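Q: Residue numbers (the numbering used here): 8 to 444. Note that the Cβ used here is the ideal one computed from N, Cα and C, for glycine as well. Only a predicted model underlies this, so the values are computations on that prediction, with no experimental measurement involved. Let me begin by handing over the structure; questions about it come next.
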């Protein structure tokens, strides 16, 4: 019997817990029935369940998670709520798709803002924008192309050279950058925890309840270690982590990314830097470069290093290796702060598709899914989940057409061909972006 893989990270999430503390949801014990079962308490699953409950308060909706929302991949990301597509393109078709993508991302941001305001979720939500930066000097091709695409979309931005970046970021490591205001910074662990605990009354949540398999019959049976849920409808919000639950050929692969967060800077350490507000930075090469953040509570976050995690599991050795990489990089970017300790290093998984398109919609009469986040998860998966609920309950929404315009993810080859292909792609990107590391 083949069972779904269960995600497991041999490391501890490092985002501060904040002022709000939520009691864990119970573990499912015993057999129950539901109108809908949502597998995965991340941004897509929570948004889907919330929208289902809003449309039809009479539905009995159950969310199960292998661990909990606070330990999910949604909680383990870098906290960028993106409002613009990363890759825009300049052809008429590409611009049309980019505008659709922008509409979706910005609606995702609006949905999250409404929930935060309505329920008072404390998650350090900040409309701070972000910097997109390069290290290599003299080779401005990527940033120039990005600027031209922003012009075509009539998006505001500011180009900053090294000295101006130093005043904003406190480092001369970067040669040039582009600032765009369409990005929110957040503590993602606090955000997803808050969203999970303010769902409508007809949504019931169970933590530490991994789904092992789905049995099909007159109704589906969602099998967990301590109970079975009988239901006519299932929504998979697990991205690539439970391929055994997905019918047909796989379309997405699971990759692990790693982040480290420092202890808060002291007054003396802060004095070695120019006065700074909190900020976020993404690199021109997402594989070789590093994502950085400076938070409200004087911490730096570094995210760098991507590795395959096809079964969603990360070892102690992989985490240790990432910690050493982050330590060396932080010392290079902030040489005056070598005494600042890294408090935590942790991993999280992203789902990658071959052509960048999502895995979204009905898979058969029982199962639907919203996956293939491709690393832009918070706003994208929020709107993907809510729109999927609209489709399933036959609600009109003009953004459904925008979601469908993103296309359909291509099929992936089986292992070991897939493993070799991923390894080759990573090596290529690291070589091309070697000067950004």
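1. Assess contact between the region 221-239 and the region 80-96, defined as three or more Cβ pairs (one per stretch) separated by less than 8 Å. Is contact present?
2. State yes or no: is the C-beta of residue 192 within less than 7 Å of the C-beta of residue 287?
3. Measuring only the C-alpha atoms, how far is residue 121 from residue 366?
4. Express the C-alpha separation of residue 344 and residue 385 in angstroms, rounding to a whole number.
5. Can you check the region 301-355 for any beta strand (DSSP E) of at least 3 residues that lies completely inside it and give the ranges in chain order?
6. Does the ligand ATP have a heavy atom nearer than 6 Å to the CB of residue 117?
7. Could you round the C-beta distance between residue 139 and residue 185 to whole angstroms and report it? I think they count as a contact, below 8 Å.
8. Please determine, among 299, 318 and 303, the residue with the shortest C-alpha to C-alpha distance to residue 312.
9. What is the rounded straight-line gap between the Cα of residue 382 and the Cα of residue 170?
10. Considering only the alpha carbon of each residue, which of 318, 444 and 339 lies closest to residue 289?
11. What does the alpha-carbon distance come out to for the pair residue 177 and residue 69?
12. What first and last residue would you give for the alpha helix (DSSP H) that runs through residue 59?
13. I need the DSSP call for residue 123, collapsed to helix, strand or coil.
14. CB-CB under 7 Å to residue 63, same chain, minus the five flanking residues each way: which ones, in chain order?
15. Could you tell me the distance, in whole angstroms, from the CA atom of residue 34 to the CA atom of residue 199?
16. Compare the Cα-Cα distances from residue 305 to each of 317, 278 and 55 and report the closest residue.
17. CA-CA distance, residue 126 and residue 441?
18. Please classify residue 8 as buried or exposed, where buried requires at least 16 other C-beta atoms within 10 Å of its C-beta.
19. For residue 316, tell me which candidate among 136, 429, 75 and 294 has the shortest Cα-Cα distance.
20. For residue 447 and residue 398, what's the separation of their Cα atoms in angstroms?
21. How would you call residue 410, buried or exposed, if buried means at least 16 neighbouring beta carbons within 10 angstroms?
22. Measuring alpha carbon to alpha carbon, tell me which residue in 161, 144, 54 and 209 is nearest residue 528.
23. Please report the distance separating the alpha-carbon of residue 358 from that of residue 149.
24. Can you list the alpha helix (DSSP H) stretches of 4 or more residues lying completely in the region 195-266, in chain order?
25. Would you mind listing the alpha helix (DSSP H) stretches within the region 80-163 that are 4+ residues and don't spill past its ends, in chain order?
26. Leaving aside the five residues before and after residue 241 along the sequence, list all residues of the same chain whose C-beta is less than 7 Å from its C-beta, in chain order.
27. Can you tell me the Cα-Cα spacing of residue 57 and residue 216, whole angstroms?
28. Taking C-beta to C-beta, are residue 102 and residue 20 nearer than 7 Å?
29. Rounded to whole angstroms, what is the Cα-Cα separation between residue 335 and residue 341?
30. Under the three-state reduction of DSSP, which class applies to residue 8: helix, strand or coil?
31. Checking 7 Å against the spacing of the C-beta atoms, do residue 17 and residue 291 come in under that value?
32. Taking the Cβ atom as the reference point for each residue, do residue 235 and residue 181 lie within a distance shorter than 7 Å?
33. From residue 395 to residue 244, what does the alpha carbon distance come to, in whole angstroms?
34. Cβ of residue 22 within 7 Å of Cβ of residue 196?
35. Residue 443 by DSSP, collapsed to three states: which one?
36. Hey, could you find the ends of the beta strand (DSSP E) residue 376 is sitting in?
A: Taking the structure as given:
1. no
2. yes
3. 26 Å
4. 31 Å
5. 307-315
6. You won't find the ligand ATP in this model; it holds no ligand whatsoever.
7. 5 Å
8. 299
9. 30 Å
10. 444
11. 47 Å
12. 50-62
13. helix
14. 400
15. 18 Å
16. 278
17. 45 Å
18. Its pLDDT being 45, under 50, residue 8 is placed unreliably by the model, and the measurement read from it follows with that caveat. It counts as exposed.
19. 429
20. Residue 447 cannot be examined here, being either before or after the span of the chain that is shown, 8 to 444.
21. buried
22. A query on residue 528 cannot be resolved here, the shown segment of the chain reaching from 8 to 444 and no further.
23. 24 Å
24. 195-203
25. 99-126 and 148-159
26. 44, 46, 221, 227, 229, 373 and 374
27. 20 Å
28. no
29. 10 Å
30. Only weak support exists for where residue 8 lies, its pLDDT of 45 falling under 50; the value from the coordinates is given anyway. Note: residue 8 maps to coil in three-state DSSP.
31. no
32. no
33. 11 Å
34. yes
35. helix
36. 374-378
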